[in-house]
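K.L.:
Note that the sequence shown covers residues 48 to 394 in our numbering.
Glycine is no exception: its CB is placed at the ideal position from the N, C-alpha and C atoms.
Handing you this structure, nothing more for now.
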Amino acid sequence: MKPPILTIVMSTVISGTIMVLISSHWLTIWIGFEMNMLAIIPILMKKFNPRAMEASTKYFLTQATASMLLMLGIIINLLLTGQWTVLNMPNPVASNMMTAALAMKLGLSPFHFWVPEVTQGVPMSSGMILLTWQKIAPLSILYQIAPSMNPNLLMAMAIMSVLVGGWGGLNQTQLRKILAYSSIAHMGWMIAVTTYNPTLMLLNLTIYITMTLGTFMLFMLNSSTTTLSLSHTWNKLPLIASLILMTMLSLGGLPPLSGFIPKWMIIHELTKNDMAIMATFMAMTALLNLYFYMRLTYATALTMFPSTNIMKMKWQFESTKNTTLLPPLIMISTMLLPLTPMVLTLF
48 MKPPILTIVM
58 STVISGTIMV
68 LISSHWLTIW
78 IGFEMNMLAI
88 IPILMKKFNP
98 RAMEASTKYF
108 LTQATASMLL
118 MLGIIINLLL
128 TGQWTVLNMP
138 NPVASNMMTA
148 ALAMKLGLSP
158 FHFWVPEVTQ
168 GVPMSSGMIL
178 LTWQKIAPLS
188 ILYQIAPSMN
198 PNLLMAMAIM
208 SVLVGGWGGL
218 NQTQLRKILA
228 YSSIAHMGWM
238 IAVTTYNPTL
248 MLLNLTIYIT
258 MTLGTFMLFM
268 LNSSTTTLSL
278 SHTWNKLPLI
288 ASLILMTMLS
298 LGGLPPLSGF
308 IPKWMIIHEL
318 TKNDMAIMAT
328 FMAMTALLNL
338 YFYMRLTYAT
348 ALTMFPSTNI
358 MKMKWQFEST
368 KNTTLLPPLI
378 MISTMLLPLT
388 PMVLTLF
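Written out as structure tokens, the structure is:
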């Protein structure tokens with residue numbers, strides 16, 4: 048894609064999301080979603096091949112269905128209240144319909160089927176945008192309408208998402224699919240806490256985005272798309288292998304790393320609201336995610352791939368890829384735990 052076209056398309060994607068974030072009127076929110084959806088499709092089809100075409104079509108169809116459901120919810124709300132404002136939603140039918148539409152946009156279970164397929168079919172950079180930036184707009188609306196949503200529906204979707212995100216990733220060898228299932232599980236954690244403390248959802252989203260961006264950039268630097276190609280990392284870029292290990296364990300939510308903060312806070316919040324069984328169940332399903340992250344770290348940093356050469360290390364070529372954002376992202380996604388009190392004050 049030519050740079051001027053890419054600039055125009057990216058600025059439309061960004062302005063669509065910003066429009067959703069700053070609007071308090073349902074029509075402008077809906078228009079923002081549509082701008083964002085139509086502009087992201089050329090980015091998904093950057094490398095034009097049948098696989099990317101299929102992925103983009105799947106993405107378009109699910110997002111268009113979600114937009115239609117959202118508009119239906121908005122119209123039902125308008126007929127009953129006579130208002131377009133976001134914060135006034137007394138009707139449960141409209142509220143449930145909007146929740147379903149936003150869940151479809153986010154890829155929450157049971158509307159999760161498109162996420163692994165679309166992420167696998169598009170290039171790494173497009174997958175990165177899909178699993179990070181594209182989550183901001185729907186979650187901002189969920190944040191605003193949280194008080195009028197059905198907590199039982201949200202909890203059911205959260206449990207299913209955490210389970211699907213754990214079970215689905217177990218059998219995968221493709222890195223993009225693993226990160227897609229990881230995204231479904233993280234979305235489940237965010238939705239679980241939305242009814243009790245929506246601000247924690249924003250904290251979780253921020254940390255999830257930094258961890259996912261860091262992971263995608265490490266994979267892109269190494270040009271890895273499968274577990275097999277990842278297992279060659281140690282003799283090409285040993286430092287990158289150890290960084291992948293740390294970011295993977297952080298994504299799994301292990302204590303000394305940043306990924307532990309949102310899980311700790313969400314479990315604390317759920318326990319405080321007499322949801323100890325739910326918190327225990329979610330902590331147990333997080334072990335499924337941890338298993339497939341551990342499998343990746345084992346393949347990357349703890350095994351030596353068979354080499355015919357006597358010299359184990361490969362020749363080091365100068366990397367031409369831009370890594371400006373990688374150091375701060377890795378710092379944030381691994382070393383934030385001691386700053387938890389400050390982070391909680393900010394949120």
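1) Go through its chain and collect everything with a Cβ distance to Gly213's Cβ below 7 Å, but skip five positions before and after it.
2) Considering only DSSP beta bridges, list what His72 is partnered with.
3) Within 8 Å, do at least three Cβ pairs link the stretch 249-268 to the stretch 309-316?
4) Buried or exposed: Met4, going by 16 or more other Cβ atoms within 10 Å of its Cβ?
5) With distance defined between alpha-carbon atoms, name the residue in Leu125, Met175 and Leu68 nearest to Tyr190.
6) Which first and last residues belong to the alpha helix (DSSP H) in which Lys310 is found?
7) Which whole-angstrom value is the C-beta distance of Ile238 and Ser208, which I expect to be below 8 Å?
8) Are Leu296 and Leu284 touching if we call contact CB-CB under 7 Å?
9) Where are the alpha helix (DSSP H) runs, 4 residues long or more, that stay fully inside the stretch 202-256, in chain order?
10) Could you tell me which of Thr220, Ile379, Thr146 and Thr367 sits nearest to Pro185, measuring between CA atoms?
11) Taking the alpha helix (DSSP H) that Asn336 falls in, what are its first and last residues?
12) Look at the Cβ atom of Thr294, then the Cβ atom of Ala288, and state whether they are nearer than 7 Å.
13) Quick one: residues in its chain with C-beta nearer than 7 Å to the C-beta of Ser70, no 5 flanking neighbours on either side, listed in chain order?
14) Return the Cβ separation of Lys123 and Met100 in integer angstroms, given the expectation that the two are a contact with Cβ distance under 8 Å.
15) What's the gap between the Cα of Gly168 and the Cα of Phe160?
16) Output needed for Lys86: all residues of its chain with C-beta closer than 7 Å, excluding positions within five of it in sequence on either side, in chain order.
17) Assuming contact is defined by CB atoms lying nearer than 7 Å, are Ala330 and Leu317 in contact in what I supplied?
18) Hey, quick one: how far does the alpha helix (DSSP H) through Thr272 stretch, first residue to last?
19) Terminal residues of the continuous alpha helix (DSSP H) containing Leu178?
20) Just to confirm the assignment: which complete alpha helix (DSSP H) runs, minimum length 4, are found wholly within the stretch 74-162?
21) Identify the continuous alpha helix (DSSP H) that holds Asn197 and give its terminal residues.
22) For a test of the three-state rule: what should DSSP assign to Thr371, helix, strand or coil?
23) Going along the chain, which residues of its own chain have a beta-carbon closer than 6 Å to the beta-carbon of Thr387, five neighbours each way excluded?
24) Tell whether a beta-carbon distance below 7 Å holds between Leu53 and Thr179.
25) Applying the 10 Å Cβ sphere with the 16-neighbour rule, what's the burial state of Arg223?
26) So Glu241 and Ala193 are supposed to be a Cβ contact under 8 Å. How far apart are they, rounded?
27) Under the three-state reduction of DSSP, which class applies to Trp362: helix, strand or coil?
28) Apply the 10 Å Cβ neighbour rule to Pro51 and answer buried if 16 or more other Cβ atoms are within range, or exposed otherwise.
29) Does the beta-carbon of Thr367 have 16 or more other beta-carbons within 10 angstroms, so that it is buried, or is it exposed?
30) With DSSP as the reference, label Phe394 as helix, strand or coil.
31) Kindly list the residues whose CB is nearer than 7 Å to the CB of Arg342, restricted to its own chain and excluding five residues on each side of it in sequence; keep chain order.
32) Let me know the secondary structure DSSP gives Gly299 once reduced to three states.
P.N.:
According to the structure shown:
1) Ala232, Thr332, Leu335 and Asn336
2) Thr132
3) yes
4) The shown model of the chain, from 48 to 394, leaves out residue 4, and the question about it has no answer.
5) Leu68
6) Phe307 to Lys319
7) 7 Å
8) no
9) 222-241
10) Thr146
11) Ala323 to Thr344
12) no
13) Ile76 and Gly79
14) Inspection of the sequence shows that residue 123 is occupied by Ile rather than by Lys. Not really, about 35 Å apart at Cβ, beyond 8 Å.
15) 13 Å
16) Here residue 86 is Ala; the residue named in the question, Lys, does not match the sequence. The answer, listed in chain order, is Val56, Thr59, Val60 and Gly63.
17) no
18) Looking at the DSSP string, Thr272 is not in any alpha helix (DSSP H), and its letter there is neither H nor E.
19) Met171 to Leu178
20) 97-128 and 139-153
21) Per DSSP, Asn197 belongs to no alpha helix (DSSP H) and is neither H nor E.
22) coil
23) Ile308
24) no
25) buried
26) Rather than Glu, the amino acid found at residue 241 in this sequence is Thr. With a Cβ gap of about 5 Å, Thr241 and Ala193 count as contacting.
27) coil
28) exposed
29) exposed
30) coil
31) none
32) helix
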